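First residue of the sequence shown: 145, per the numbering used here; consecutive thereafter. For every residue, glycine included, the Cβ atom is placed at its ideal position computed from N, Cα and C. Only a predicted model underlies this, so the values are computations on that prediction, with no experimental measurement involved.
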Amino acid sequence: MSTSNLSDYDPDSVPDAGKMRFGIVVSDWNREVTWSLMDGAAATLKKHGASDKNIIIKHVPGSFELTLGAQFLAEYDDMDAIICLGCVIQGETPHFTYICQGVTQGITQLNMEYNIPFIFGVLTTRTQQQAIDRSGGIHGNKGDEAAVTAIKMAALLRDIEK
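Dropping the structure here:
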């Protein structure tokens with residue numbers, strides 16, 4: 145199975161984020177992985193012009209709580225996009241499946257109900273090592289990819305609203 149580097153992208157294809165405001169909602173479960181995703185997302189937003197004051201980071205206990213945390217942020221703060229970062233590692237019980245389905249459906253529902261992009265930056269891996277490899281390891285950082293997606297989707301919405 146081939147996996148591309150999640151941090152590889154054409155920087156020239158990313159709009160300026162200098163006047164955009166972003167929320168990052170990060171799960172504290174699997175913190176070694178999720179905080180690395182958060183650091184990658186914030187660094188990428190800044191690389192493309194977002195200021196520290198326009199990057200609002202909120203923590204939730206686990207990946208299942210990402211959707212409600214993101215909804216709170218959307219309702220109580222003015223955001224151009226909200227990035228949801230988490231990590232669910234498959235175990236021996238069906239818990240993995242239920243959490244992944246719930247978070248996926250929840251973030252999809254937020255995208256449909258609110259007029260801003262909610263970005264799915266949740267790793268769903270079989271092992272801890274796969275998660276590490278995708279949160280700044282050999283396969284790059286899913287946080288970088290989520291930040292680029294947030295910038296592009298926020299720019300698309302601004303362009304459409306003109």
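| Item | Value |
| --- | --- |
| First through last residue of the alpha helix (DSSP H) which encompasses Thr241 | His239 to Glu257 |
| Same chain, Cβ closer than 6 Å to Asp160, five either side skipped, listed in chain order | Gly193 |
| Thr188 (DSSP reduced to helix, strand or coil) | helix |
| Three-state secondary structure assigned by DSSP to Ala225 | strand |
| Beta-carbon proximity check, Leu229 vs Thr293, cutoff 8 Å | no |
| Beta-carbon gap between Ile263 and Ala218 smaller than 8 Å | no |
| For Ala298 and Arg175, the rounded distance between their alpha carbons | 27 Å |
| Inter-stretch contact at 8 Å, needing at least 3 Cβ pairs: the stretch 249-263 / the stretch 277-297 | yes |
| Within the stretch 250-305, ranges of the beta strand (DSSP E) (whole runs, at least 3 residues) | 262-269 and 279-281 |
| Beta-carbon gap between Ser157 and Leu210 smaller than 8 Å | no |
| Whole-number beta carbon distance between Val169 and Ala214, since they are thought to touch under 8 Å | 5 Å |
| Host beta strand (DSSP E) of Phe166 (start-end) | Phe166 to Ser171 |
| CA-to-CA distance, Cys231 to Val204, given in whole angstroms | 12 Å |
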